[in-house]
Structures are given as C-alpha cells and as structure tokens.
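Written out as structure tokens, the structure reads:
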C-alpha cells in the first residue's frame, strides 16, 4: 500500500516538474517594430471679439391662455421691430424656444390663490456690429423683452488665428 502511494506521488512530482521546465513558444514570427514619433506644442493667439450672441426673451402671463398668447405675441413683435430698427437682419434672429404652461399661486393656507398661464418666447440674436450692442440691448428691453439669458462674445473667422497658433506650436 505504501509502495503504491509512493509511486503515485513520484509520478505526480515528475509530471509537475516536466510542466514547470517546459518552454513557452516565442511570439509569432519576427514582427517588425512599429516606429512612432510623438510631439506636442502650444501656440496661443489672442483675438478681439467681433460678434456677440444674445438670448433675449419675452415672458407674459394672463388668466386665460388666449390672452397670454396675445400679450406675448405683441411683446415679441415689438422686440422684433426694435431689432429690425437697429439694423439686425432676419437671418440673425432665430427662435430657440416657445413655451406655454399653466401656473398656480398658493396662499399661506395652502389653497390656490391664482391660476394662470405663462407664455415664453426666446430668440437667439447674432450682433455683428459690437459698437451697437449697448444701444441694441437698451432698445429690446424698452420694447418689451423681459429676459436676457446670456451674452457671449466670439470671433467670426478663426481660420487665420488657428494657422498662427499652429505655426507657433511647431516653431
């Protein structure tokens, strides 16, 4: 019995030794090394903005939806006329949102004190003559715009500046 156990243990030890000493195959073939070249650079060019983008809105409310729509349309038309009077072309005015929704105000006791409708109309305006920006904002607010969501400045043609920055980065 002991002899059989020793034979089995010796066989297992021999198999484990053979597996541990075996070699693994090398990577397939003699694949050529891929040569790469990486570089990085930074080039900065500062530009003066020549265009502004503005989100201007008209918000109106009334007890019934029809009156709220009429009030909003009157305000929006007045704003559009003010933009036209300031020389803004139709292609530079885009409606970005138009919303109609019911609202309710609650009293201190938790009961509804007023139910009404709100109409919101927002337009995206491109101002190509920055010297008129202040006058234009004044005109739209006086004509009925009651929300100005943001004003951002940009450069219309960045191609030349991109070339300059790229040249600086690799110089």
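Residue numbers (the working numbering): 1254 to 1424. Idealized CB from N, CA, C, for every residue including glycine.
Please report the straight-line C-alpha distance between residue 1302 and residue 1392, rounded to a whole angstrom. Here residue 1302 refers to the residue found at position 49 when the chain shown is read from its first residue. Here residue 1392 refers to the residue found at position 139 when the chain shown is read from its first residue. Going from the Cα of residue 1302 to the Cα of residue 1392 covers about 22 Å.
Can you tell me whether residue 1307 is buried or exposed, with buried defined as 16 or more other CB within 10 angstroms of its CB? Position 54 of the chain shown, counted from the start, is the residue given in the question as residue 1307. Classification of residue 1307: buried, given that the 10 Å Cβ count is 16 or more.
Tell me residue 1356's beta-bridge partners as DSSP assigns them. Within the chain shown, numbered from 1, the residue matching residue 1356 stands at position 103. Answer is 1369.
C-alpha distance - residue 1395 paired with residue 1354, whole-angstrom precision: The residue you call residue 1395 lines up with position 142 of the chain shown. The residue you call residue 1354 lines up with position 101 of the chain shown. Straight-line Cα distance between these residues: approximately 25 Å.
On the criterion of 16 or more Cβ atoms from any shown chain inside 10 Å, does residue 1378 qualify as buried, or is it exposed? For the purposes of this step, residue 1378 is identified with residue 125 of the chain shown, where counting begins at 1. Buried, by the Cβ-count rule.
Are the region 1361-1373 and the region 1311-1327 touching, with three or more C-beta to C-beta distances below 8 Å? yes
With C-beta atoms as the reference, is residue 1296 less than 8 Å away from residue 1422? In the chain shown, counting from the first residue as 1, residue 1296 sits at position 43. In the chain shown, counting from the first residue as 1, residue 1422 sits at position 169. Yes, the pair counts as a contact, with Cβ atoms nearer than the cut-off.
Please name the residue, chosen from 1380, 1418 and 1403, that lies closest to residue 1409 on a Cα-to-Cα basis. By one-based count along the chain shown, residue 1409 stands at place 156. Comparing Cα positions, the closest option is 1380.
Have a look at 1413, 1362, 1375 and 1366 and flag the residue whose alpha-carbon is nearest the alpha-carbon of residue 1330. Here the question's residue 1330 lines up with position 77 in the chain shown. It is 1375 whose Cα lies nearest to the Cα of residue 1330.
Contact set for residue 1328: own chain, Cβ-Cβ below 7 Å, skip 5 residues either direction: Counting from 1 along the chain shown, the entry for residue 1328 is found at position 75. Hits under 7 Å: 1311, 1313 and 1397.
Whose C-beta lies closer than 6 Å to the C-beta of residue 1367 among residues of the same chain, with five residues either side of it excluded? Within the chain shown, residue 1367 is the residue found at index 114, counting from 1. Taken in chain order, the residues that qualify are 1358.
On the criterion of 16 or more Cβ atoms from any shown chain inside 10 Å, does residue 1425 qualify as buried, or is it exposed? Outside the shown range of the chain, which is 1254 to 1424, sits residue 1425, and nothing can be said about it.
Alpha carbon to alpha carbon, how far is residue 1300 from residue 1351? Give it in angstroms, no decimals. Numbered from 1 along the chain shown, position 98 holds the residue referred to as residue 1351. Numbered from 1 along the chain shown, position 47 holds the residue referred to as residue 1300. The alpha-carbon atoms of residue 1351 and residue 1300 are separated by roughly 35 Å.
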